[in-house]
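Set out below in structure tokens:
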């Protein structure tokens with residue numbers, strides 16, 4: 014069986030509705046016995062444009078493929094496990110989705126032999142929402 018829900022609000026903004034559905038409703042529905050998957054669609058999702066200073070990234074040993082993979086790996090919201098007891102079953106979610114340009118700019122994207130430390134995205138790129 015497939016169930017489709019539409020969620021709207023007269024008091025919350027679209028981003029607030031999306032946040033509620035993503036952080037609360039999706040998890041609650043996924044905890045119902047027999048539910049195999051909960052997927053979300055619609056709405057407006059934040060998008061970030063990352064403009065990389067390629068010569069600087071290269072000089073610090075950061076290649077574009079690694080950078081793309083690293084950014085993709087820090088921006089996830091997925092079930093990470095479950096708790097199954099006699100009277101209670103819970104799916105455990107960790108939401109590590111990026112919610113601001115500052116948060117994205119502060120992500121460690123690699124380590125540099127040249128600078129002897131972490132390379133943050135802000136060191137090699139600009140980000141526009």
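In our numbering, the protein residues as written are 14 to 142.
Every residue, glycine too, gets a C-beta built ideally from N, C-alpha and C.
Which one of 56, 95, 70 has the shortest CA to CA distance from residue 46? Locating residue 46 in the chain shown gives position 33, where the first residue counts as 1. Measuring from the Cα of residue 46, the nearest candidate turns out to be 95.
Beta-carbon proximity check, residue 137 vs residue 61, cutoff 8 Å: Stepping through the chain shown from its first residue, residue 137 is reached at position 124. Stepping through the chain shown from its first residue, residue 61 is reached at position 48. No, the pair does not count as a contact, with Cβ atoms beyond the cut-off.
Please classify residue 132: is it buried, with 16 or more other beta-carbons within 10 angstroms of its beta-carbon, or exposed? On the chain shown, residue 132 is found 119 positions in, with the first residue counted as 1. When all chains shown are included, residue 132 counts as buried.
Indicate the three-state DSSP secondary structure (helix, strand or coil) for residue 67 in the structure shown. Here residue 67 corresponds to residue number 54 of the chain shown, with the count starting at 1. Three-state result, residue 67: helix.
Quick check on DSSP: helix, strand or coil for residue 140? Counting from 1 along the chain shown, the entry for residue 140 is found at position 127. Three-state result, residue 140: strand.
To which residues of the same chain is residue 30 closer than 8 Å at the C-beta, ignoring the five residues directly before and after it? On the chain shown, residue 30 is found 17 positions in, with the first residue counted as 1. Once the five neighbours on either side are set aside, the close Cβ partners of residue 30 are 20, 21, 22, 56.
Between which residues of its own chain and residue 25 is the CB-CB distance below 8 Å, once the five residues before and five after are set aside? Counting from 1 along the chain shown, the entry for residue 25 is found at position 12. For residue 25, where only same-chain residues beyond five positions count, the Cβ hits under 8 Å are 33.
Are the beta-carbon atoms belonging to residue 63 and residue 140 less than 8 Å from one another? Residue 63 sits at position 50 when you count from the first residue of the chain shown. Residue 140 sits at position 127 when you count from the first residue of the chain shown. Yes, the Cβ-Cβ distance between residue 63 and residue 140 is below 8 Å.
Status (buried if at least 16 other CB within 10 Å, exposed otherwise) for residue 80: Along the chain shown, read from residue 1 onward, the residue named residue 80 stands at position 67. That one is buried.
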